[in-house]
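Below: one structure, written as structure tokens.
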Amino acid sequence: MDKILIEKYFTGKITAEESLEFKKRYISDPEFKQEVDFYKNVKKVAGAVDDENFKVTLQCFESEFSRRRSIRPTDRIRTFIAIAAVFVIGFSIVSLWPTKVSEADLFNTYFEPSKNISIPIIRSEGSQEIITEAFDAYSIKDYEKAASLFEKAFTVHRNPELLFYQANSLLANGQTEYAIEQFKKHLELQEMLTNRSHWYLALAYLKSGNLKETKIALRAYIKTGERFKREEAMSLLESLE
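For the sequence shown, the working numbering assigns the number 38 to the initial residue and increments by one for each residue that follows.
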């Protein structure tokens, strides 16, 4: 009877008549009061768990311990409450513990190939035609073709920006290690997009699972003062620290 009354009280299903009985027992019965107070402490710890789960948990433990006839009822209740408290605390910790996000998930969240902010796509002839074809392929996300064309175009024109777009194409196409090589090569050349290669190099290292180099590249990028993707770089670095 005590167990049912206490259970109804803590799950909010107690009737008005039972509530009067509960208050009377709580004032007049020290042992009953002790059990209720113990429940209150458990319930306080289990604040993140709903009443129904709390009830089910206690019922499971009561069922287990009710088979042990040699234990006095009050001791049995105290024991299963203690075990329930451990269970609830563990459940709460697990449910609130931050889930580790994989490097692949982070990469997919932060990476998108750079937009073409360098050369307008216009039809041309002669040596410029290969650059147009490269940006054509890049614009339709044919990154395998774009990477190859940018490489050829750089060989002819030696324009550092072409390395930047080639490396972006390689990274988008899953050629991570080669992309890292090309971003590092681009960083050795000073031009308008050089600083941004730090950001994309960090993402390439992230995709490859090299978190140490990822953080080094992110810090280097933030230090440049570049506004492009700055907040994202700071957020990603914070998540990796």
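Glycine residues also receive a C-beta, built at the ideal position from the N, C-alpha and C atoms.
Exercise. Helix, strand or coil: how does DSSP classify PRO150 here?
Worked result: In the sequence shown, residue 150 corresponds to position 113, counting from 1. Of the three classes helix, strand and coil, the one that applies to PRO150 here is coil, per DSSP.
Exercise. Roughly how many angstroms lie between the CA atoms of ALA239 and ARG267, to the nearest whole one?
Worked result: Translated into positions along the sequence shown, residue 239 becomes position 202. Translated into positions along the sequence shown, residue 267 becomes position 230. Approximately 12 Å between the Cα atoms of the pair.
Problem set entry | Beta-carbon spacing of PHE172, ASN153 below 7 Å | Counting from 1 along the sequence shown, the entry for residue 172 is found at position 135. Counting from 1 along the sequence shown, the entry for residue 153 is found at position 116. In contact: PHE172 and ASN153 (Cβ atoms closer than 7 Å).
Exercise. In its own chain, which residues sit with a C-beta less than 6 Å from the C-beta of ILE51, not counting the 5 before and 5 after it?
Worked result: Residue mapping note: residue 51 aligns to position 14 of the sequence shown, counting from 1. Around ILE51: LYS45.
For this session: Would you be able to state if there are at least three C-beta pairs under 8 Å between the region 168-185 and the region 200-216?
Result: In short, these stretches touch, since the Cβ pair count reaches three.
For this session: Reducing DSSP to helix, strand and coil, say where MET229 ends up.
Result: Here residue 229 is taken as the residue at index 192 of the sequence shown, counted from 1. In this structure, MET229 counts as coil in the three-state DSSP scheme.
For this session: Measure from the alpha carbon of ASN210 to the alpha carbon of each residue in PRO150, SER65, LYS60, then state which is nearest.
Result: Working through the sequence shown from its first residue, we reach residue 210 at position 173. Of PRO150, SER65, LYS60, the residue nearest in Cα terms is PRO150.
Exercise. Are the beta-carbon atoms belonging to LEU277 and LYS252 less than 7 Å from one another?
Worked result: Start at 1 with the first residue of the sequence shown, and residue 277 comes out as number 240. Start at 1 with the first residue of the sequence shown, and residue 252 comes out as number 215. For LEU277 and LYS252, yes; Cβs fall inside 7 Å.
Problem set entry | C-beta contact flag for HIS235 and TYR258 at 7 Å | Position 198 of the sequence shown, counted from the start, is the residue given in the question as residue 235. Position 221 of the sequence shown, counted from the start, is the residue given in the question as residue 258. The answer is yes: Cβ separation under 7 Å.
For this session: Kindly list the residues whose CB is nearer than 7 Å to the CB of TYR147, restricted to its own chain and excluding five residues on each side of it in sequence; keep chain order.
Result: By one-based count along the sequence shown, residue 147 stands at place 110. Non-local beta-carbon contacts of TYR147 in its own chain, meaning distances under 7 Å to residues more than five positions away in sequence, involve LEU240, GLU269, LEU273 in chain order.
Exercise. If you draw a straight line from the alpha carbon of LEU1 to that of LEU255, how long is it in whole angstroms?
Worked result: Outside the modelled stretch of the chain, which goes from 38 to 278, sits residue 1, for which no answer is possible.
Exercise. Between the C-alpha atoms of MET271 and PHE265, what's the straight-line distance to the nearest angstrom?
Worked result: Here residue 271 is taken as the residue at index 234 of the sequence shown, counted from 1. Here residue 265 is taken as the residue at index 228 of the sequence shown, counted from 1. Their Cα atoms are separated by approximately 12 Å.
Problem set entry | Run of the alpha helix (DSSP H) containing ILE43, from where it starts to where it stops | Locating residue 43 in the sequence shown gives position 6, where the first residue counts as 1. Taken as a continuous stretch (DSSP letters only), the alpha helix (DSSP H) holding ILE43 covers 39-48.
Problem set entry | Spatial neighbours of SER107 in its chain, beta-carbon cut-off 8 Å, leaving aside the 5 residues before and after | By 1-based counting over the sequence shown, the position of residue 107 is 70. Confidence in SER107 is poor, its pLDDT being 49 and thus under 50, which makes the residue's placement unreliable; the coordinate value appears in the next sentence. Correct list: empty, nothing qualifies.
For this session: Thinking GLU198 and SER155 are a contact (beta carbons under 8 Å), I'd like their distance in whole angstroms, please.
Result: Within the sequence shown, the letter at position 161 stands for residue 198. Within the sequence shown, the letter at position 118 stands for residue 155. Contact check for GLU198 and SER155: beta-carbon distance about 5 Å, within the 8 Å limit, so the pair qualifies.
Exercise. Are the beta-carbon atoms of TYR237 and GLU250 separated by less than 7 Å?
Worked result: Position 200 of the sequence shown holds residue 237. Position 213 of the sequence shown holds residue 250. No, they are not a contact pair.
Problem set entry | Closest by C-alpha distance to ALA141, when choosing among LEU200, PHE220, GLY246, MET229 | Locating residue 141 in the sequence shown gives position 104, counting from the first residue. With distances taken between Cα atoms, ALA141 lies closest to GLY246.
Problem set entry | Option nearest LYS244 by Cα separation, candidates ARG62, THR213, GLN219 | Here residue 244 is taken as the residue at index 207 of the sequence shown, counted from 1. With distances taken between Cα atoms, LYS244 lies closest to THR213.
For this session: Classify SER200 as buried or exposed, calling it buried when 16 or more other Cβ atoms lie within 10 Å of its own Cβ.
Result: Within the sequence shown, residue 200 is the residue found at index 163, counting from 1. The amino acid at residue 200 is misidentified as Ser; the sequence shows Leu. With 16 or more Cβ atoms within 10 Å of its Cβ, LEU200 is classed as buried.
Exercise. Taking the alpha helix (DSSP H) that THR261 falls in, what are its first and last residues?
Worked result: Here residue 261 refers to the residue found at position 224 of the sequence shown. 248-261 is the extent of the alpha helix (DSSP H) around THR261.
For this session: Can you say whether LEU248 is buried or exposed, counting buried as having 16 or more other CB atoms within 10 angstroms of its CB?
Result: Counting from one through the sequence shown, the residue named residue 248 turns up at place 211. Exposed.
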